[in-house]
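Below is one structure, written out as structure tokens; comments come after it.
In the numbering used here, the protein residues as written are 3 to 74.
Spelled out as structure tokens, the structure:
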């Protein structure tokens, strides 16, 4: 990924984070603990998936560099 793509992705993730924080605060204020727990679990899963995706993208990039090095 080039720096421009990374900046766009970071911006998108920050916007998603803000939206999730807003939803979390709304659920906290409503006092609906069951729905809050469901949302909390969903956001936790989303964060873990995003972290795993980032790790896989980094590994793919590293492998691409390794392959290029072997071809030269």
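Backbone N, C-alpha and C define an ideal beta-carbon position, used for all residues, glycine too.
Because the structure is a prediction, the values reported are computed rather than measured.
Using only CA atoms, which one of the options lies nearest to residue i?
i: residue 15; options: 51, 74, 61; result: 51
i: residue 41; options: 22, 68, 72; result: 22
i: residue 45; options: 18, 31, 73; result: 18
For residue i, which residues of its own chain have a beta-carbon under 6 Å away from its beta-carbon, when the five flanking residues on both sides are left out?
i: residue 26; result: none
Could you tell me which uninterrupted alpha helix (DSSP H) segments, each at least 4 residues in length, are contained entirely in the stretch 27 to 59, listed from first to last along the chain? none
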